[in-house]
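Working notes, structure below.
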Amino acid sequence: MTVTRWSFPGSKNPLFLKEEYIRSFRECASHITGRLGMQILVFPQVTGPSSYSDDRIFAKEIFGPLENQDIVLLNEHYEPDKLKGIMAHMTVFVGTRMHSNIFSLSAKVPTMAIAYQEKTTGIMEMLGLGDWVIPINDVSPKKMINMFSDLLHHRDFLKEKLIDVMPKIELSASAAADVCKKVYDMKM
Numbered sequence: 031m032t033v034t035r036w037s038f039p040g041s042k043n044p045l046f047l048k049e050e051y052i053r054s055f056r057e058c059a060s061h062i063t064g065r066l067g068m069q070i071l072v073f074p075q076v077t078g079p080s081s082y083s084d085d086r087i088f089a090k091e092i093f094g095p096l097e098n099q100d101i102v103l104l105n106e107h108y109e110p111d112k113l114k115g116i117m118a119h120m121t122v123f124v125g126t127r128m129h130s131n132i133f134s135l136s137a138k139v140p141t142m143a144i145a146y147q148e149k150t151t152g153i154m155e156m157l158g159l160g161d162w163v164i165p166i167n168d169v170s171p172k173k174m175i176n177m178f179s180d181l182l183h184h185r186d187f188l189k190e191k192l193i194d195v196m197p198k199i200e201l202s203a204s205a206a207a208d209v210c211k212k213v214y215d216m217k218m
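Per my numbering, residue 31 is the first one in the sequence shown, and the count goes up by one each step.
Rendered as structure tokens:
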């Protein structure tokens, strides 16, 4: 799971939305650890440069009150390959950070995205996973818990879908990189 501090720019009631966002993650986490008996790892995708941007600080704010539950806040700075390696062992993944969602998806882990930018929704739709996105302004405890339960229920199907689609995406990305390299080499 990843969380990010978000100020809900452009909304009429940003304080309410932030409180709802925090409450949604807390209640979903309590559902996951309590009712489902699962452990949660909270990943720090961004660790600075400022304390405002540091996911670890916001994760403590969200999950600190849930100290008796099976929630592990990873507090180190991890290189991307290490993060992806740890994420690959997850049963499912809930991510607010787009790059953490990309890491988990590329590791073929069924993922539920909380989208604060359109590009997150676009990536999920490109993979045929648009149904597994909640826009951050629409987050509620009920939506998160219901979608998480559905994600868990459909995880085998979604994993197979990712096993099928990710090699095609990786091949396409590799081809694009080859074109860029050829253009660069021609200019040298």
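Positions of the beta carbon are idealized from the N, C-alpha and C atoms, including for glycine.
Beta-carbon contacts of residue i that lie in its chain and below 7 Å, excluding the five residues immediately before and after
| i | result |
| --- | --- |
| Cys58 | Pro171, Met174, Ile175 and Phe178 |
| Gly78 | Asp84 |
| Leu24 | Residue 24 cannot be examined here, being either before or after the span of the chain that is shown, 31 to 218. |
| Met216 | none |
| Ile92 | Val33, Ile52, Phe55 and Arg56 |
Residue i to residue j span [Cα, whole Å]
| i | j | result |
| --- | --- | --- |
| Asn105 | Glu200 | 30 Å |
| Met154 | Val76 | 21 Å |
| Leu182 | Tyr108 | 26 Å |
| Leu45 | Met31 | 23 Å |
| Arg86 | Leu103 | 7 Å |
| Lys112 | Ser134 | 12 Å |
| Gln69 | Ile62 | 7 Å |
| Gly40 | Lys212 | 42 Å |
| Ser202 | Lys191 | 17 Å |
| Pro110 | Ser81 | 20 Å |
Cβ neighbours of residue i in the same chain (closer than 8 Å, five flanking residues each side left out)
| i | result |
| --- | --- |
| Lys189 | Lys138, Val139 and Pro140 |
| Lys149 | Met128 |
For residue i, the nearest candidate out of the options (CA to CA)
| i | options | result |
| --- | --- | --- |
| Val195 | Leu113, Asp100 and Leu159 | Leu159 |
| Val72 | Val33, Asp161, Ser80 and Lys42 | Val33 |
| Ile101 | Asp111, Gly67, Tyr108 and Ile116 | Gly67 |
| Gly115 | Cys210, Ser41, Tyr82 and Ser136 | Ser136 |
| Gly64 | Asn98, Met31 and Arg86 | Asn98 |
| Phe88 | Lys217, Leu113, Asp180 and Lys48 | Lys48 |
| Pro74 | Met117, Lys212, Asp186 and Ser202 | Met117 |
| Val163 | Ile92, Ser81, Phe123 and Lys198 | Phe123 |
Proximal residues to residue i (C-beta, below 6 Å), its chain only, five neighbours per side dropped
| i | result |
| --- | --- |
| Asn131 | Gly125, Thr141 and Ala143 |
| Tyr146 | Trp36 and Ile166 |
| Met120 | Val139 |
DSSP three-state assignment for residue i, whether helix, strand or coil
| i | result |
| --- | --- |
| Ala143 | strand |
| Val102 | strand |
| Thr151 | helix |
| Pro165 | strand |
| Phe123 | strand |
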